[in-house]
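Numbering (my numbering), first residue to last: -19 to 219. Beta carbons are placed, not taken as given, at the ideal position from N, Cα and C, and that holds for glycine.
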C-alpha cells in the first residue's frame, strides 16, 4: 500500500515521462483526473517556455485547469486532427483494457481517444490490476432512461451517482452516471457489449483497444510500455 504522497510522486514522474511524446505544432487531447492534472502542469510549464501546442479538453474541470496554466484551448470542432491524447485510468489490466471515467467525463474521454493518432495513458502503479472491477464501473445514461437502466443492471448493484449537493450528478453532456459495482469483470468486451445494447446508455467506462503507450510511475522511476492492441489508426477529423 502506497501513501498518498508516494502516489502523487509517481503521478508526477509519469506525467513528466509522457512529455517525450509531445512536440511543438501538435494538437493535444487532454483527458481528466488527478494524473492528468500533473500532465497539464507539465504542459503549462513547457508552454511558458515556448512549446507551441493547442489542446482540446475532455471536461469543464480540465478546461479550467488548463486555462490557469496558459495552455491554448480549442473545441473539437475547431481542429482537423488530434495528434496525441493523454489521459489517465482508474484501472488498467495486462491487456491494456481499462475502467475510466471516475470523474464523469467518460464519453468525451472516449471521443478524444477515438479521434487521436496516438493515445498515451499515464498512471501511478496502484492503477495496474490483474482483473478489472474493483473500481466502480461508470455508465453514462440519459436522464429519461435512468430508472429502466437501474432495473436492467440489478445484478451489477447499480448506484445513481450523486453530486456534492445530494442531487443526481450531471455530466458535461447533461446526462447521469450510474456506477456499477462489479467486483471483478472476467470478460470486459462482453460486458461492454451488453451495456451498449441497452437504449439510453450513452457510453460505458470500459475502454478496450484504446492504448498506444502506457506510462507508469513507480517509486524508483517510470516505465513506458508499448501496448499491443487493435486500436485503429485514425484519419483527419475533416476527412
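Exclusion of the five residues before and after residue 17 leaves 45 as the residues of its chain whose Cβ lies within less than 7 Å of its Cβ.
The alpha-carbon separation between residue 190 and residue 135 amounts to approximately 27 Å.
Taking C-beta atoms as the reference points, residue 15 and residue 68 count as a pair closer than 8 Å. In the assembly as shown, residue 40 is an exposed residue. Its beta-carbon has fewer than 16 other beta-carbons within 10 Å. Across the structure, residue 188 and residue 108 are spaced so that their CA atoms are roughly 15 Å apart.
Around the CB of residue 124, fewer than 16 other CB atoms lie within 10 Å, so the residue is classed as exposed. The alpha helix (DSSP H) runs lying completely inside the segment 147 to 204 and spanning 4 residues or more are 168 to 176, given in chain order. Along the length of the segment 5 to 90, whole alpha helix (DSSP H) runs at least 4 residues long occupy 14 to 28, 40 to 49, reported in chain order.
If the five residues before and after residue 137 are omitted, its C-beta is found closer than 6 Å to the C-beta atoms of 161, all from its own chain and listed in chain order. When secondary structure is reduced to three states using DSSP, residue 138 falls in the strand class. When the Cα atoms are used, residue 185 and residue -14 turn out to be separated by approximately 26 Å.
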